[in-house]
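Protein chains in written order, with the working numbering: chain A, 8 to 186; chain B, 7 to 139.
Just so it is clear, CB atoms sit at the ideal spot from N, CA and C, and this is done for glycine as well.
Keep in mind the model is a prediction, meaning the values are calculated, not measured.
So the structure is just underneath, and the comments pick up after that.
Here it is, written out as structure tokens:
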């Protein structure tokens, strides 16, 4: 199976260009492809072919890393459809959403003060995870109806949630370490 | 990455951290967020009858540069008129704090926050004028 550099990441794995993908098929195709470009197969090949195989292996890894995570996959898919992300300059201004994020971050910061920090953190994480699933389902809808600008905003909001979840996880680790 | 001494100073001793009543007619609230890093910033101003910013408060969940940018900005806007405050540029904040290029977006966030706070305050007063008219 040859990998063309002009193929997009979905095409590399022979998957339909869609937000919803079969992740077990993705992993399976990834393994097959990595075998075809494995350096052992190129031990006696020309320098040029060997170099090409290394580049292809890197491309396949990048493709897998992009597609396996829902947010990265969504971003990539939107970019394929002409949506531009300018992370350095774009600030999100949906005040209600940000207010909620602020409150959630405050709640995470207050966890340590609670009688049972683990229980309150768990409760908080459950509600955040639930929120995240709901938002991903909505993102799926927006992509399937080709409302790409709205989908972009949804991706950006989900990036805040990712950060929030990261904060929760570090706190959980800190709490566990302090036991 | 090394933070400048000014960033560290604001990070360790942030000025004007706090919360104002966002429903207060004299208070303007600016909420902004940077999707790239998930930072969220709230900047609030209290405006006197003479149109001068009497007080400013912030709360930022983010990196040292974002905290320092908003902390510095609250110091700068006090005593300024709304128009003067709106003219503060992110480049001035970045320069003062000696932010490296990868952290410039933190100063952009602070500039957007003060603009949003001013817009919020003006929005409240436009409505008031309409009511009294």
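Listed by chain order, chain A residues near residue i by CB distance under 9 angstroms
i, result
"residue 32/B", "Those do not exist, as residue 32/B stays about 18 angstroms from chain A at its closest Cβ, beyond 9 angstroms."
Beta-bridge partners of residue i, as assigned by DSSP
i, result
"residue 99/A", "39/B"
"residue 160/A", "Note: residue 160/A sits in no beta bridge, so no partner."
"residue 45/B", "40/B"
"residue 64/B", "23/B and 49/B"
"residue 87/B", "58/B"
"residue 34/B", "51/B"
Contacts around residue i, its chain only, beta-carbon distance under 7 angstroms, and the 5 residues preceding and following it disregarded
i, result
"residue 161/A", "142, 145, 146 and 149"
"residue 21/B", "77, 80 and 81"
"residue 25/B", "63 and 65"
"residue 157/A", "149"
"residue 36/A", "20 and 21"
"residue 178/A", "115, 118 and 128"
Residues of its chain near residue i, where Cβ-Cβ distance is below 8 angstroms and the 5 sequence neighbours each way are ignored
i, result
"residue 69/B", "43, 45, 109 and 112"
"residue 23/B", "63, 64, 65 and 77"
"residue 104/B", "10, 12 and 13"
"residue 175/A", "115, 128, 131, 132 and 135"
"residue 8/A", "Residue placement at residue 8/A is flagged as unreliable, the pLDDT there being 47, under the threshold of 50; the coordinate-derived value follows with that caveat. 39, 40 and 43."
"residue 124/B", "34, 36, 51, 88, 91 and 92"
"residue 78/A", "162, 165, 166 and 169"
"residue 112/A", "171 and 174"
Interface residues of chain A facing residue i [CB-CB closer than 7 angstroms]
i, result
"residue 39/B", "98, 99, 105, 108 and 167"
"residue 16/B", "Result: empty, since nearest Cβ-Cβ is about 19 angstroms, beyond 7 angstroms."
Partner residues on chain B for residue i, Cβ-Cβ distance less than 7 angstroms
i, result
"residue 163/A", "41"
"residue 102/A", "37"
Residues that residue i contacts on chain A, provided the C-beta gap is smaller than 8 angstroms
i, result
"residue 142/B", "For chain B, the structure presents residues 7 to 139; residue 142/B sits outside this window and is missing."
"residue 114/B", "95, 96 and 98"
Cut-off 6 angstroms between Cβ atoms - residues of its own chain near residue i, not counting five sequence neighbours on either side
i, result
"residue 72/A", "none"
"residue 17/A", "24"
"residue 167/A", "108"
"residue 99/A", "163"
"residue 117/B", "96"
Buried/exposed call for residue i, threshold 16 Cβ in 10 Å
i, result
"residue 125/A", "exposed"
"residue 123/A", "exposed"
"residue 33/B", "buried"
"residue 75/B", "buried"
"residue 96/A", "exposed"
"residue 89/A", "exposed"
"residue 63/A", "buried"
"residue 48/B", "buried"
"residue 107/B", "exposed"
"residue 170/A", "buried"
"residue 126/B", "buried"
"residue 48/A", "exposed"
"residue 52/A", "exposed"
"residue 80/A", "buried"
"residue 83/B", "buried"
"residue 120/A", "exposed"
"residue 71/B", "buried"
"residue 85/B", "exposed"
"residue 82/A", "buried"
"residue 54/B", "exposed"
"residue 74/A", "buried"
Neighbour list for residue i in chain B, Cβ cutoff strictly below 8 angstroms
i, result
"residue 171/A", "44"
Listed in chain order, which residues of the stretch 118 to 134 of chain B have Cβ atoms closer than 7 angstroms to some Cβ of chain A?
118 and 122
Interface positions of the stretch 52 to 80 of chain B facing chain A (Cβ-Cβ less than 8 angstroms), listed along the chain:
65 and 67
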